[in-house]
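Q: Below are the C-alpha cells for one structure; questions will follow.
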C-alpha cells in the first residue's frame with residue numbers, strides 16, 4: 171500500500187476517477203450546480219481525509235497534471251482560429267470588455283483588501299484570481315504573493331464562474347454568444363471556458379480570447395497596483 175501511495179500514478183488515477191465521477195453526476199443531474207470539478211475536488215479531499223492519506227502522496231501526481239495547465243490553455247487557440255472572422259468584427263468590444271472586466275476584478279479585490287486591512291502578501295496573492303493559473307502564479311510570485319493562496323483563489327473563482335454563468339446569463343437575458351463568451355472568460359478564465367465550450371463553439375472561442383487578453387491586461391494592471 172505504501173508503494174502505491176508513493177507513486178505519482180496514485181494522484182493521477184485518483185484525479186481521473188474523481189473527475190469521471192463528477193462528469194457522471196453532472197450528466198445525471200443536468201444542472202450547472204453539479205460542476206464536475208467541484209465534485210471531483212470534494213471527492214478527492216474527502217477520500218484523503220477519510221483514509222488519512224498525506225496530501226504529499228496525492229500531490230506527486232497532481233504536480234504532473236499541473237504541468238499540462240499551460241498547454242491546455244494554449245490549445246484554446248484552435249477555437250479562436252476557427253472564429254477569427256468573428257474576432258475581427260468584434261475587436262473593440264473584446265478589448266474594451268476584457269479591460270473593464272480585469273479592472274473591476276482587480277480594483278474590487280484591492281479595495282476589499284485595503285478595507286479589511288489585509289497585508290501586502292495576501293493582497294498580491296488575490297489580485298490575479300480571475301486569470302488562468304500559469305499567469306496568476308507568475309504575477310503573484312513577482313509581487314511577493316503566496317502562490318498556494320493564489321492557486322486556491324483561481325480555482326474557487328473559476329468554479330464559481332462555471333457554476334453561476336448560465337444562471338447569470340439567463341437572469342440578465344443576454345442573448346449574444348460573443349458577449350456570453352467574453353463575460354465568462356474574463357471573469358472565470360479556463361475553468362469557465364470549459365463551461366462556455368459546452369454552450370457553443372463561438373462562446374468557447376470568445377471565452378478563450380478573453381482568457382488571453384485578460385491575462386495580458388492583468389499583468390499590466392498589476393504593475394500599477396503593485
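Numbering (this note's numbering), first residue to last: 171 to 396. Where a beta carbon is used, it is the ideal one built from N, C-alpha and C, also for glycine.
By Cβ distance below 7 Å, which residues in the same chain neighbour residue 198 in space, the five residues on each side in sequence not counted?
A: Taking the first residue of the chain shown as position 1, residue 198 is located at position 28. Closer than 7 Å at Cβ, skipping near neighbours: no residue.
Q: Evaluate residue 354 with the Cβ neighbour count: other Cβ atoms within 10 Å of its Cβ, from every protein chain shown; 16 or more gives buried, anything less gives exposed.
A: Your numbering for residue 354 matches position 184 in the chain shown. With 16 or more other Cβ atoms within 10 Å, it is buried.
Q: Looking at the structure shown, is residue 253 part of a helix, part of a strand, or coil, going by DSSP?
A: For the purposes of this step, residue 253 is taken as the residue at position 83 of the chain shown. In the structure shown, residue 253 falls within a coil segment according to DSSP collapsed to helix, strand and coil.
Q: What whole-angstrom Cβ distance do residue 217 and residue 191 have, given they're in contact under 8 Å?
A: Within the chain shown, residue 217 is the residue found at index 47, counting from 1. Within the chain shown, residue 191 is the residue found at index 21, counting from 1. Rounded, the Cβ-Cβ distance is 11 Å, inconsistent with contact.
Q: Could you have a look at residue 314 and say whether DSSP puts it in helix, strand or coil?
A: Working through the chain shown from its first residue, we reach residue 314 at position 144. Coil.
Q: Ignore the nearest five residues each way along the sequence and tell me which others in residue 312's own chain have a CB closer than 7 Å to its CB.
A: Position 142 of the chain shown, counting from 1, holds the residue named residue 312. Cβ neighbours of residue 312 beyond the five flanking positions: none.
Q: Once the 5 residues before and after residue 275 are set aside, which same chain residues still bring their CB inside 6 Å of it?
A: Counting from one through the chain shown, the residue named residue 275 turns up at place 105. In chain order, 300 place their CB closer than 6 Å to the CB of residue 275, counting only its own chain and leaving out the 5 sequence neighbours on each side.
Q: Using a Cβ-Cβ cut-off of 6 Å (strictly less than) and excluding sequence neighbours within five positions of residue 356, which residues of its own chain qualify?
A: Sequence index remark: in the chain shown, residue 356 carries index 186 (1-based). The beta carbon of residue 356 is closer than 6 Å to those of 268, 271, 380, 384 in its chain, skipping five residues each way along the sequence.
Q: Kindly examine the ligand FMN and report whether one of its heavy atoms sits closer than 7 Å to the Cβ of residue 277.
A: As for the ligand FMN, it is missing from this structure, which has no ligand bound.
Q: In whole angstroms, give me the CA-to-CA distance for residue 331 and residue 373.
A: As a first step, residue 331 is located in the chain shown; it is residue number 161 there, counting from the start. As a first step, residue 373 is located in the chain shown; it is residue number 203 there, counting from the start. Cα-Cα distance, rounded: 14 Å.
Q: Tell me which same chain residues have a C-beta within less than 6 Å of the C-beta of residue 230, skipping the five on either side of it?
A: Walking along the chain shown from the start, residue 230 turns up at place 60. Around residue 230: 178, 181.
Q: Please determine if the stretch 334-347 and the stretch 361-377 are in contact, where contact requires at least 3 C-beta pairs separated by less than 8 Å.
A: Look at the beta carbons and you see the stretch 334-347 touching the stretch 361-377: at least three pairs across the two are nearer than 8 Å.
Q: Which parts of the stretch 205-276 are runs of the alpha helix (DSSP H), unbroken and 4 residues or longer, counting only runs that do not cross its ends?
A: 206-220, 225-236, 239-244, 247-252, 254-259
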